[in-house]
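Q:
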Amino acid sequence: MSGLDVLLFYNSANRAGVTSRIESNGDLLTLREFAPNTFGSWTHIVKVGSRLLYYSRDNRAGVTQEIEADGSLRTLREFRPGTFGSWTHIASDGRRLLYYSRENRAGVTQEIDAAGGLRTLKEFAPGSFGSWSHIVSDGRRLLYYSDDNLAGVTQEIDDAGGLRTLKEFRRGSFGRWTHLVSDGRRLLYYSRENQTGVTQEIRGTGDLETLQEFKPGAFGVWTHLVSDRRRLLYYSRDSHAGVTQEIDGLGDLRTLKEFSPGVFGSWTHITG
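My numbering runs 17 ahead of the 1-based position in the sequence shown.
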């Protein structure tokens, strides 16, 4: 067993954390607890396989770590302030990283090497991208989504770090969503405003196939949705409650376990 399926819970206010694993029955197994001030102050945390990249948009510093199977964290490389650009989003297709700035629509692709170093593959000048609010990956392809005009694009990152556009979706093609998450095969769109949702798959052509639609009120009110690449965890920072679910082959959602208010700590980031 590796750290591929381990979740990291992190609180940027006190810099504490916990690593956990979602069991097959939907329960959460706590692996390690990290006291306040264990971590740095980070704005983004993204997972690439069993490695983590922590990034601070405030000082553009970073750290790479390895998550071990027992939930422990091994620091690989530290990057001093100013090493990175100023990014609003960081996404991974499971092998590579995409950094994106919604402010100037520039980007960079990178790989994390075996030693935790970062190898830049391709840089994209300002204006190369559209204006996107969300970027999510199904483990192979990327979906960009705008909550302003409800447009989108699917792309693939090639071996050289280039981006190949698969399909463009015009304004109004999507609903209005607050969260997008993938279980490693399928996508879940969720609206915190009316607790509705949709499941879809990205086809090989980059087109989107709708699997199931969920009417308003079908979900609880959640602040975070995260996946271990098999199961989903919904979490509320307001009530510290949660739910685990699986997306079945038809795109329906099967509830595994419900966690009552107060079960969880207060977390600003959950990464899986």
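Glycine included, C-beta positions come from ideal geometry on N, C-alpha and C.
1) Please give the ranges of any beta strand (DSSP E) in the stretch 158 to 236, keeping only runs that are unbroken, at least 3 residues long and fully inside the region.
2) Can you name the residues that DSSP bridges to G124?
3) Quick check: what's the CA-CA separation for I264 versus N211?
4) Contact check, D293 vs T60 under 8 Å by CB: the rounded distance?
5) Identify, in the order they occur along the chain, each residue of the same chain with its Cβ nearer than 8 Å to the Cβ of Y71, setting aside the five sequence neighbours on each side.
6) What number of angstroms, rounded off, separates the C-alpha of L270 from the C-alpha of D224?
7) Exposed or buried, which one is K64 when buried takes at least 16 other CB atoms within 10 Å?
8) Please determine, among D110, W104 and I129, the residue with the shortest C-alpha to C-alpha distance to Y117.
9) Taking a contact to mean a Cβ-Cβ separation below 8 Å, would you say G214 touches S244 in this structure?
10) Using the three-state DSSP reduction, which class does L69 fall into: helix, strand or coil?
11) Quick one: residues in its chain with C-beta nearer than 8 Å to the C-beta of H257, no 5 flanking neighbours on either side, listed in chain order?
12) Within the continuous beta strand (DSSP E) that includes L24, where are the two ends?
13) Would you call the stretch 232 to 247 and the stretch 177 to 188 in contact, with 3 or more CB pairs under 8 Å?
14) Out of Q217, D164 and P233, state which residue places its alpha-carbon closest to the alpha-carbon of T227.
15) Can you say whether V153 is buried or exposed, counting buried as having 16 or more other CB atoms within 10 angstroms of its CB?
16) Please state if the CB of T285 and the CB of S29 are separated by a distance shorter than 8 Å.
17) Figure out for me which residue from G221, A52 and S208 has the closest Cα to the Cα of G234.
18) Considering just the uninterrupted stretch of the beta strand (DSSP E) at R271, what are its terminal residues?
19) Out of L93, S145, E173 and D87, point me to the one whose CA is closest to L114's CA.
20) Can you check DSSP and say which residues form a bridge with F101?
21) Could you check if T47 is buried or exposed, using at least 16 other CB atoms within 10 Å of its CB as the buried criterion?
22) Within its chain, find whatever has a CB closer than 8 Å to the CB of G156; leave out the 5 residues flanking it on each side and keep chain order.
23) Between the beta-carbon of S89 and the beta-carbon of L21, is there less than 8 Å?
24) If you drop the 5 nearest sequence neighbours on each side, which residues of the same chain put their C-beta closer than 7 Å to that of V238?
25) Using the DSSP secondary-structure output, state which residues sit across from S154 in a beta bridge.
26) Should G189 go down as buried or exposed, given a rule of 16 or more other Cβ atoms within 10 Å for buried?
27) Expressed to the nearest angstrom, what Euclidean distance is found between the alpha-carbon atoms of E275 and L250?
28) Which residue comes first and which comes last in the beta strand (DSSP E) that contains F146?
29) Under a three-way DSSP split, which group does G20 fall into?
A: So, from the data block:
1) 158 to 162, 169 to 174, 180 to 186, 196 to 199, 203 to 208, 213 to 219 and 225 to 231
2) Y117 and F141
3) 20 Å
4) Here the chain has residues from 18 to 289 only, and residue 293 is not among them.
5) F56, G57, W59, H61, I62, G79, V80, T81 and Q82
6) 22 Å
7) buried
8) W104
9) no
10) strand
11) P278, G279, V280, F281, G282 and S283
12) V23 to N28
13) no
14) Q217
15) buried
16) yes
17) S208
18) L270 to F276
19) E173
20) Paired residues: none, contrary to the question.
21) exposed
22) D110, G111, S199, G201, R202 and R246
23) no
24) R209, Q212 and S253
25) L159
26) exposed
27) 10 Å
28) No beta strand (DSSP E) holds F146; DSSP gives it neither H nor E.
29) helix
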